[in-house]
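Undergrad: In the UniProt record's numbering, the protein residues as written are 53 to 359.
Please read through the structure below; I'll follow up with questions.
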Ligand code: CP
């Protein structure tokens, strides 16, 4: 593993190895043990789009492992990009100072461009509507931990499936496992893209597009809700209005789900899961966010130290 730009670069064996390291990271954090695995290493975070979870969990991960962090929040405004510097030149400069770069960018495909320009490992923290590979890693780890398996699970991906990079990345990773069935539940204006459906079909993964969330909710092991991404609608705000609020996860819906099922969400949410759901044991989205710390600790360790 050199850089991380898309979720399909992880095969099942790599995921299982990463899960083992992740469990070890959980133990380190839970024990409150001092850890110096990455002492002497520096991580640079370069975020051109807003973030709470991804940036802070990466930075916490590096701190917990004894490494150090340099960061330019809002890179569009506060880095030399504001003066016209290219992404490639920014990466070639940052790599003079750090051992690993974590990049969030607003353009699909930018992570690949940056990784190709970099001579240190580069981890994508999301590239526009493209992919969010480390989110998929923490999502799949959460499914394993909460459900006890990934094979033979039924998973509903709900919400903005056209712009949602987390759903795209998760669909790719789920296709590595056996007998997973995917349900896509999305408003018409943001339905899942054809390339994902083609990939799933080619890899023998069963999928179905459905409109009725209530029926699917009662059936699935994982209901993965996502936000309608207002910032991606550009000159079509009317499409955002059509999509927003169409599929809401509320107490009534969650109560209809199986006892051992879970509701996940990459977060942030803006009303698509109502707050009264939070107290239901099936609401796993904050536990999911916590797993982001562990999986990113495991990923940084694997990239910088090997297994
Ligand atoms: N899940 C996720 O990517 O959250 P942030 O945008 O807050 O990093």
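C-beta: ideal position from N, C-alpha, C; glycine also.
Taking only heavy atoms of the ligand CP into account, decide whether any of them is closer than 7 Å to the Cβ of residue 103.
TA: Within the chain shown, residue 103 is the residue found at index 51, counting from 1. Result yes, Cβ under 7 Å from the ligand CP.
Undergrad: Does the ligand CP have a heavy atom nearer than 7 Å to the CB of residue 320?
TA: Mapped onto the chain shown, residue 320 falls at position 268. At least one heavy atom of the ligand CP is nearer than 7 Å to the Cβ of residue 320, so yes.
Undergrad: Below 8 Å between beta carbons: does that hold for residue 171 and residue 140?
TA: Translated into the one-based positions of the chain shown, residue 171 becomes position 119. Translated into the one-based positions of the chain shown, residue 140 becomes position 88. Cβ atoms of residue 171 and residue 140: not closer than 8 Å.
Undergrad: In this structure, how does DSSP classify residue 228 when only helix, strand and coil are distinguished?
TA: The residue you call residue 228 lines up with position 176 of the chain shown. Note: residue 228 maps to coil in three-state DSSP.
Undergrad: Could you name the residues of the same chain whose beta carbon sits closer than 7 Å to that of residue 220, not counting the 5 residues immediately before and after it, in chain order?
TA: In the chain shown, the residue the question calls residue 220 occupies position 168. Result list for residue 220: 183 and 248, in chain order.
Undergrad: Quick one: measure Cβ to Cβ for residue 352 and residue 95, integer angstroms, because I've assumed they're closer than 8 Å.
TA: If you number the chain shown from 1, residue 352 lands on position 300. If you number the chain shown from 1, residue 95 lands on position 43. Contact holds; Cβ gap of about 7 Å.
Undergrad: Looking at residue 178 and the ligand CP, is the gap between the Cβ and the nearest heavy atom below 7 Å?
TA: Translated into positions along the chain shown, residue 178 becomes position 126. Yes, the beta carbon of residue 178 sits closer than 7 Å to at least one heavy atom of the ligand CP.
Undergrad: How many Å lie between residue 288 and residue 239 at the Cα?
TA: Counting from 1 along the chain shown, the entry for residue 288 is found at position 236. Counting from 1 along the chain shown, the entry for residue 239 is found at position 187. Cα to Cα, residue 288 sits roughly 15 Å from residue 239.
Undergrad: What is the DSSP secondary structure of residue 199, counted as helix, strand or coil?
TA: Locating residue 199 in the chain shown gives position 147, where the first residue counts as 1. Helix at residue 199.
Undergrad: Leaving out five residues on either side along the sequence, give the residues of the same chain with a beta carbon under 8 Å from the beta carbon of residue 103.
TA: For the purposes of this step, residue 103 is identified with residue 51 of the chain shown, where counting begins at 1. Excluding positions up to five away in sequence, the list reads 156, 177 and 178.
Undergrad: In its own chain, which residues sit with a C-beta less than 6 Å from the C-beta of residue 109, not counting the 5 before and 5 after it?
TA: For this step, residue 109 is matched to residue 57 along the chain shown. Same-chain partners within the cutoff: 344, 345 and 348.
Undergrad: Just how far apart, CA to CA, sit residue 299 and residue 305?
TA: In the chain shown, counting from the first residue as 1, residue 299 sits at position 247. In the chain shown, counting from the first residue as 1, residue 305 sits at position 253. Distance between the alpha carbons of residue 299 and residue 305: 11 Å.
Undergrad: Could you check whether the segment 306-322 touches the segment 269-276, counting it as contact only if at least three pairs of C-beta atoms, one from each stretch, sit closer than 8 Å?
TA: The segment 306-322 is in contact with the segment 269-276.
Undergrad: Assign residue 151 to buried or exposed, taking buried as 16 or more other Cβ atoms, counted over all protein chains shown, within 10 Å of its Cβ.
TA: Here residue 151 refers to the residue found at position 99 when the chain shown is read from its first residue. Buried, because 16 or more other Cβ atoms sit within 10 Å of the Cβ of residue 151.
Undergrad: Sorted by chain position, which residues of the same chain lie with C-beta nearer than 7 Å to residue 292's C-beta, five sequence neighbours on each side aside?
TA: For this step, residue 292 is matched to residue 240 along the chain shown. Hits under 7 Å: 280, 282 and 285.
Undergrad: Regarding residue 278 and the ligand FMN, is the C-beta to nearest heavy atom distance less than 7 Å?
TA: Among the ligands modelled here, namely the ligand CP, the ligand FMN does not occur.
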